Structures are given as C-alpha cells and as structure tokens.
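A.B. asks: Residues are numbered in my numbering as their position in the sequence shown, beginning at 1, plus a constant of 7.
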Amino acid sequence: MKKLLIYALFFVAFAVKAQEGYFSAYQVVVEPQEVEMIYKLMNDYYTANKPTGVTVSLW
8 MKKLLIYALF FVAFAVKAQE GYFSAYQVVV EPQEVEMIYK LMNDYYTANK
58 PTGVTVSLW
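#1: Below 7 Å CB to CB, which residues in the same chain sit around Y83 once its five sequence neighbours on both sides are set aside?
#2: Which of helix, strand or coil does DSSP assign to Q34?
#3: In angstroms with no decimal places, state the Cα-to-Cα distance between M8 and V19.
#4: Whole angstroms is fine: what's the gap from K47's alpha carbon to G28's?
#5: Can you give me the C-alpha to C-alpha distance between A32 and K10, rounded to a whole angstrom?
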C-alpha cells in the first residue's frame, strides 16, 4: 500500500510539472495614428514565428 501511494504521488508530480504554463506581457507605447500599423506588424511577426504549442494574444 505504501508503494502504491509513493507511485501515485510520483505520477501526480510529473503530471503537474508537464502542464506548467508561462505568461509574458509586453507593453508598447504607440501614437494613436500608428496603432493599426503596429498591430499588423506584431500580428504578422507572431503569426510567422510562433513556436508549436504557443498561444499569442494581442489586446
């Protein structure tokens, strides 16, 4: 029974570690007339260079 508990805890620890997520935020100060251009540049860059499994949100 003790071995079963140890194996279960070991499995749970690895399962939790495998689902670890990260969050990064960037702040860019842009003139109001340039908002659309900067949005397009950033959207194009992250669309073309996004690694597999990564989610990018521009808001």
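Ideal Cβ positions, reconstructed from N, Cα and C, are used throughout, including at glycine. These numbers come from a predicted model, not from an experiment.
C.D. replies: So, from the data block:
#1: As shown, the chain starts at 8 and ends at 66. That puts residue 83 outside it, with no answer to give.
#2: The residue you call residue 34 lines up with position 27 of the sequence shown. Reduced to three states, the DSSP call for Q34 is coil.
#3: Counting from one through the sequence shown, the residue named residue 8 turns up at place 1. Counting from one through the sequence shown, the residue named residue 19 turns up at place 12. Looking at the two C-alpha atoms, the distance is approximately 17 Å.
#4: Mapped onto the sequence shown, residue 47 falls at position 40. Mapped onto the sequence shown, residue 28 falls at position 21. It is roughly 27 Å from the alpha-carbon of K47 to the alpha-carbon of G28.
#5: In the sequence shown, residue 32 corresponds to position 25, counting from 1. In the sequence shown, residue 10 corresponds to position 3, counting from 1. Whole-angstrom Cα-Cα distance: 43 Å.
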